[in-house]
Each structure stands twice: as C-alpha cells, then as structure tokens.
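A.B. asks:
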Amino acid sequence: KNSATDSRALCPENRLFEFILDTDDDGSQLSWNLVASNTQNNEVYQVLAGPKTSSYSANEVYVFSECLNPSNRYRFQLRNNSGSNIKSQYQLAYGGGGIFYN
17 KNSATDSRAL
27 CPENRLFEFI
37 LDTDDDGSQL
47 SWNLVASNTQ
57 NNEVYQVLAG
67 PKTSSYSANE
77 VYVFSECLNP
87 SNRYRFQLRN
97 NSGSNIKSQY
107 QLAYGGGGIF
117 YN
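For the sequence shown, the numbering used here begins at 17 and goes up steadily by one.
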C-alpha cells in the first residue's frame with residue numbers, strides 16, 4: 017500500500033474520509049480531487065487531489081485519507097484524462113462506512 021496522506025492516527029473515526037485506488041493499466045491516465053464547500057461562508061477549496069507526482073503506476077494500490085469537517089459539503093471527482101472508461105477499482109469511505117465501491 018502506498019499512502020500519500022496519513023491523517024488516520026489523529027482523526028476521530030467518524031470524521032475520517034478514505035479513498036482507495038487499485039489501478040489497472042489505466043493508472044497513468046487517472047486524476048482526482050476532493051473539493052469542500054464551507055456551508056457558513058460558501059468558500060470552496062480543494063482538500064485533496066492526485067496524482068502528486070507525474071502519474072500513478074499500473075497495478076498498484078494507493079490509499080489517501082483526510083480528516084473532514086462534518087459541517088462542510090464535499091464533492092469527489094475521479095477522471096480518466098484520455099476520455100476512456102475507468103478500468104481501475106476504487107472505493108470511498110467516510111466515518112468507517114463505505115460510500116461507494118465500483
């Protein structure tokens with residue numbers, strides 16, 4: 017497992033967001049981001065994004081985590097920059113429960 021960010025140790029489980037990416041041969045074409053919208057002042061900002069380096073390797077597992085503010089709203093987006101369908105497997109979890117699996 018490769019961990020780009022590791023806030024798990026300091027975050028209460030009910031606020032922990034995790035994105036697990038298990039790349040196929042399309043890893044080098046993938047990019048993603050998690051954007052927050054502050055419900056108090058409508059400020060929008062990027063929380064996490066990837067890749068941090070040039071690209072993801074094929075057939076690797078990457079784990080990203082962040083402690084989220086429960087009063088904000090969030091939007092997650094994963095894209096294949098070539099325009100093709102995403103072949104890689106991925107899952108999103110928040111508060112210890114699964115949000116999305118493909």
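Virtual Cβ for every residue (Gly too), placed ideally from N, Cα, C.
Can you list, in chain order, the residues of its chain whose CB lies under 8 Å from that of Lys17, leaving out five sequence neighbours each side?
C.D. replies: Note on Lys17: pLDDT 44, under 50, position unreliable in the model; the coordinate value appears next. Result list for Lys17: Val77, Tyr78, Val79, in chain order.
A.B. asks: With a cut-off of 8 Å, do at least 3 Cβ pairs link the segment 101-108 to the segment 36-48?
C.D. replies: Yes, since at least three Cβ pairs between the segment 101-108 and the segment 36-48 fall closer than 8 Å, the two stretches touch.
A.B. asks: Checking 9 Å against the spacing of the C-beta atoms, do Leu32 and Leu64 come in under that value?
C.D. replies: No, they are not a contact pair.
A.B. asks: Whole-angstrom Cβ separation of Ile36 and Gln107, contact assumed at under 8 Å?
C.D. replies: With 8 Å as the limit, Ile36 and Gln107 qualify as a contact, their Cβ atoms being about 5 Å apart.
A.B. asks: Quick one, which of Trp48, Gly112, Pro28 has its alpha-carbon nearest Arg91's?
C.D. replies: Closest by alpha carbon: Trp48.
A.B. asks: Excluding sequence positions up to five away, which residues of its chain have a Cβ less than 6 Å from the Cβ of Glu34?
C.D. replies: For Glu34, where only same-chain residues beyond five positions count, the Cβ hits under 6 Å are Ser81, Ala109.
A.B. asks: Kindly give me the distance between the Cβ atoms of Ala74 and Tyr61, rounded to whole angstroms, as I take these residues to be in contact under 8 Å.
C.D. replies: So it is not a contact: roughly 31 Å between Cβ atoms.
A.B. asks: Of all the options Thr69, Ser71, Asn54, which has the alpha carbon lying nearest to the alpha carbon of Ser87?
C.D. replies: Measuring from the Cα of Ser87, the nearest candidate turns out to be Asn54.
A.B. asks: Tell whether a beta-carbon distance below 9 Å holds between Gln45 and Ser70.
C.D. replies: No.
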